[in-house]
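These notes are about the structure you will find just below.
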Amino acid sequence: SAEGKVTGTLDYGQDLGLKMPKNTLQLALVQAKVSHANILAIDTSEAEKMPGVFKVVTHKDVKGKNRITGLITFPTNKGDGWDRPILCDTKVFQYGDAIAIVCADTIEQAKAAAEKVKVELEVLPAYMSAPEAIAEDAIEIHPGTPNIYFEQKVVKGSDTKPIMAKAPYVASGSYYLQRQPHLTIESDMGFAYFDDKGVLTIHSKSIGLFLHLYMIAPGLGVEPDKLRLIQNPAGGTFGYKFSPTMEALLGAACIATNRPVYLEYDYQQYMQYTGKRSPFFIDIKMAADKDGKIIAMEHDYIVDHGPYSEFGDLLTLRGAQYIGSGYNIPSIRGRGRTVATNHVWGSAFRAYGSPQSFLASESLVDELAEKVGMDPLEFRYSNVYRPGDTTPTGQAPEVYSFPEMLEKLRPLYKQAKEKAARESTPENKKGVGVSIGLYGCGLDGVDGAECYVELTKEGVTIFATWQDHGQGADAGALGTAHQALRPLGITPDKIKLTLNDTATSPNGGPSGGSRSQVVIGNAIKNGCDQLVEALKKPDGSFKTYDEMIKENQPVKFHGKWAASMNSNCDANGQGNPFAVYMYGAFMAEVNVNTKTGKTTVEGMTVMADVGSINNKLVVDGQIYGGVAQGIGLALSEDFEDIEKHSTMLGAGIPYAKDIPDKFDIHYFDYPRENGPFGAAGVGELPLTSPHVSIVNAIYNATGVRIRHLPARPEKVLAGLKELQPA
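Numbering (my numbering), first residue to last: 1311 to 2036.
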């Protein structure tokens, strides 16, 4: 799809919407303008009389449970996952919640009629942050389920209290990572219709087609085999489409009208009514011995996951897995709690859970290094994973690339520090910061995927759900298949891809957690290996398609792979959740204007181990993009104010000028035993901790420690004023 993307000839969802049949109804939502309320009445009578209106759909028209299931799999979760309405019936849980859908001939008519729907509300207290929602006088957002609905413990090694009491060096701090918006340029759109077999067919930007099918089918009252999801070409999602957004709304409207329907969010709707990165509030403490070895860690964190529980428990587990990761910490005690609030719901975002985790641990590592009297880079080098070490979950890393990375970074770091010292002035202070990051490739435990590989007269066809959201899924599928089919001498142009349609491809799982290259890639390799084996002749040559058909031999193979070597983390956060990890180190060079507080990133250096690389251009693109998002996360991006932050400018999107021209990537080739052809993933790695290297660089330049992101100029300026003598 790359050629279509760069030439502008690829049809995205909006383009496909223009090609819908003439009888397609245009949809407009009636949305809540408050964040928490009881619904007393919904009056659609005036709207139904408006010109062009075919129907106004409310919860009464939804045939099923009218809920999107969060697919709760954690046994200690106090909720049941059935907490997100398709169309609100009894309550409003967040600003923008859909209450009704106006279906009309034109979008203008639909929007005009939506203004005429009357909703009578009893406004309730709105808890817009986790501390508010867990206050003693807070009411339950979902009656019957406590606002703190999940808790994850971490228990590794010895009790930490006596260690902390006796340790020569102890550092502690409180950190907050904000509600980061995804800020894709393309908003959210989709359409739905019944096909000629009576199957409800929904096209959207979904990056979890089968996942979403099972999340919305019961709520719509549709059997899974009567529901089909197809992914439209997507400009990007960065993870927000790991959650269903409008899929159930499209389905409900299509069922209620028996007509094709089209829905498109304007940019404000997209910002206000799609999920965001969930903020973490983290208290953390670390201890080191006299030699500068980290010996213990304690943490307590709360996750503000908005009103809907989907994947909130999983996200909270991510904190247990990644706070303090990268270092061998023999004794850990910690807990994370998932909290329901009335701010926008929490959804997946690139590097899910790790930017929050690393803000705390990678900032505190710098603070602990200072107490020990060691340089931050050397302190990290002394403590990173080596053979015999284990992760916070007790797992042995599959490779040990951190020492080599930091050795290669050392001379570059020294040069950068010398340059910063040389160029700093009282008005423009320069500094250098480092951080490390890592991320597991996959969903926890025995993650798996399936595909079909079929020999045809023209070549080979791959049927898979490797959803694309800007990362080049087709290039990944093609490159993996081509590598596996090399014994046959098949060139890439003879490999056809049939991707991302639940009617034609088996379940490959969602495209998230950097799992696709590893998990779906392994399934494709397995299917291709079966084909190659079936075509082998005793003399080492291969049968043709015609020979296989003549011999009545199968030509279609079911590729499968599962991470059977993995295990889920237990109640104490211990287990082997991922077969393959990605590892990286980041160095930021910054300039801080002491008169304005503005921070400029003047250089970024990335050390990356993503296993064996099949397509370097794709990997380069992922790292450049992820680090750019990290710069935005560090310095400007936020979605706290629902009105102010509902535009790109208001939400603080970084511009091209904010990304440094000095941007160097160094790769380290550590082939992964459980990755296809030695590959790991890449997508998550570049957003694990680049923001922390920037925060650490600000401290190095100015002595100002930013613990609550983003590090906007006024925050840095306030820190500088605090440092001035009274």
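For every residue, glycine included, the Cβ atom is placed at its ideal position computed from N, Cα and C.
I believe residue i touches residue j by the beta-carbon criterion, under 8 Å. Please report the beta-carbon distance rounded to the nearest angstrom.
i       : j       : result
Ser1657 : Gly1549 : 7 Å
Gly1915 : Val1900 : Checking the sequence, you will find Thr at residue 1915 rather than Gly. At roughly 13 Å, the Cβ-Cβ gap does not stay under 8 Å, so Thr1915 and Val1900 are not in contact.
Phe1896 : Gly1747 : 7 Å
Val1649 : Asp1614 : 6 Å
Glu1253 : Ser1553 : Here the chain comprises residues numbered 1311 to 2036, so residue 1253 is not present and cannot be evaluated.
Val2002 : Glu1672 : 4 Å
Cys1398 : Ala1342 : 7 Å
Tyr1662 : Gly1823 : 7 Å
Val1427 : Ala1410 : 5 Å
Lys1365 : Ala1566 : 6 Å
Asn2010 : Val1742 : 6 Å
Val1828 : Gly1931 : In fact, because the Cβ distance is near 19 Å, the residues do not count as touching under 8 Å.
Ser1826 : Ala1889 : In fact, because the Cβ distance is near 14 Å, the residues do not count as touching under 8 Å.
Spatial neighbours of residue i within its chain, please: CB distance less than 7 Å, with the 5 preceding and 5 following residues excluded, ordered by chain position.
i       : result
Asp1498 : Lys1515, Thr1555, Met1556, Tyr1575, Tyr1580, Thr1584
Asp1811 : Ile1540
Ala1881 : Thr1386, Lys1463
Leu1788 : Pro1802, Ile1805, Leu1807
Asp1839 : Ala1794
Gly1818 : Ala1759, Glu1760, Cys1761, Ala1774, Thr1775, Trp1776, Ile1830, Ala1833
Leu1523 : Pro1534, Leu1537, Leu1539, Thr1812
Thr1494 : Gly1545, Gly1546, Thr1547, Phe1548
Pro1589 : Tyr1486, Leu1487, Gln1488, Arg1489, Asp1614
Gly1769 : Ile1800, Lys1804, Ile1805, Lys1806
Gly1280 : Beyond the ends of the chain as shown, which are 1311 and 2036, falls residue 1280; an answer cannot be given.
Asp1321 : Pro1543
Identify every residue that forms a DSSP beta bridge with residue i.
i       : result
Ala1408 : Gln1341
Arg1645 : Lys1463, Asp1610
Thr1455 : His1452
Thr1547 : In the DSSP output, where bridge partners are listed per residue, Thr1547 has none listed.
Gln1666 : Note: Gln1666 sits in no beta bridge, so no partner.
Pro1395 : Arg1377
Cys1413 : Leu1337, Lys1365
Ala1347 : Val1402, Val1433
Met1596 : Ala1481, Met1607
Ile1540 : His1513, Asp1811
Leu1765 : Val1770
Ser1745 : Phe1896
Glu1760 : Lys1870
Phe1852 : Lys1846
Ile1805 : Val1770
Return the chain-ordered list of same chain residues with a C-beta closer than 6 Å to the C-beta of residue i, the five sequence neighbours on each side being excluded.
i       : result
Asp1676 : Pro1686, Asn2006
Ile1352 : Thr1368, Val1429
Ser1667 : Gly1629, Tyr1632, Ile1633
Ser1815 : Phe1773, Ala1774, Thr1775
Ala1481 : Met1596, Leu1674, Glu1677, Leu1678, Lys1681
Gly2029 : Val2014
Met1684 : Gly1602
Ser1692 : Gly1602
Ala1791 : Ile1772, Ile1805, Ile1834, Cys1838
Ser1745 : Glu1672, Phe1896, Ser1999, Val2002, Ser2003
His1452 : Asp1393
Tyr1577 : Ser1497
His2018 : Tyr1486
Enumerate in chain order the residues of its own chain whose CB-to-CB distance from residue i is below 8 Å, with the five nearest sequence positions on each side excluded.
i       : result
Ala1785 : Ala1312, Asn1925, Val1928
Ala1562 : Val1367, Asp1371, Val1372, Ile1396, Leu1397, Ile1411, Leu1530
Asp1505 : Thr1511, Arg1538
Lys1729 : Lys1740, Glu1899
Thr1651 : Tyr1437, Met1438, Ser1439, Ala1440, Glu1442, Ala1443, Ile1451, Asn1457, Asp1614, His1615, Gly1616, Pro1617
Exercise. If you pair each beta-carbon of the region 1976-1986 with each one of the region 1725-1745, do three or more pairs fall below 8 Å?
Worked result: Contact between the region 1976-1986 and the region 1725-1745 is absent, with fewer than three C-beta pairs closer than 8 Å.
For this session: Evaluate the contact criterion for the region 1396-1415 versus the region 1637-1649: three or more CB pairs, one atom per stretch, below 8 Å.
Result: Segments in contact, no.
For this session: With a floor of 3 residues, list each beta strand (DSSP E) that falls wholly inside the region 1469-1538, ordered by position along the chain.
Result: List check, beta strand (DSSP E) in window: 1479-1487, 1499-1504, 1510-1514.
Exercise. Taking contact to mean at least 3 C-beta pairs separated by less than 8 Å, is the region 1362-1378 in contact with the region 1524-1541?
Worked result: Yes, the region 1362-1378 is in contact with the region 1524-1541.
Exercise. Between the region 1590-1603 and the region 1701-1708, do at least 3 Cβ pairs fall closer than 8 Å?
Worked result: no
Problem set entry | Segments assigned alpha helix (DSSP H), at least 4 residues, entirely inside the region 1963-2029 | 2000-2012
For this session: Decide if the region 1953-1968 is in contact with the region 1869-1879; the criterion is three or more beta carbon pairs, one per stretch, under 8 Å apart.
Result: As far as the Cβ criterion goes, the region 1953-1968 does not touch the region 1869-1879, which means the pair count is below three.
Exercise. Which ranges would you report for the beta strand (DSSP E) in the region 1861-1935 if only whole runs of at least 3 residues count?
Worked result: 1866-1872, 1891-1903, 1909-1919
Exercise. Per the contact definition of three or more C-beta pairs closer than 8 Å, is the region 1715-1724 in contact with the region 1980-1996?
Worked result: The region 1980-1996 vs the region 1715-1724: no contact.
For this session: Evaluate contact between the region 1851-1866 and the region 2010-2030, counting only Cβ atoms and requiring at least three cross-stretch pairs below 8 Å.
Result: no
Exercise. Are there three or more Cβ pairs, one per stretch, closer than 8 Å when the region 1882-1896 is compared with the region 1943-1959?
Worked result: The region 1882-1896, when compared against the region 1943-1959, does not touch it at the 8 Å Cβ threshold.
Problem set entry | Unbroken stretches of the alpha helix (DSSP H), 4 residues or longer, contained in the region 1552-1578 | Entirely contained in the region 1552-1578, the alpha helix (DSSP H) runs reaching 4 residues are, in chain order, 1557-1567.
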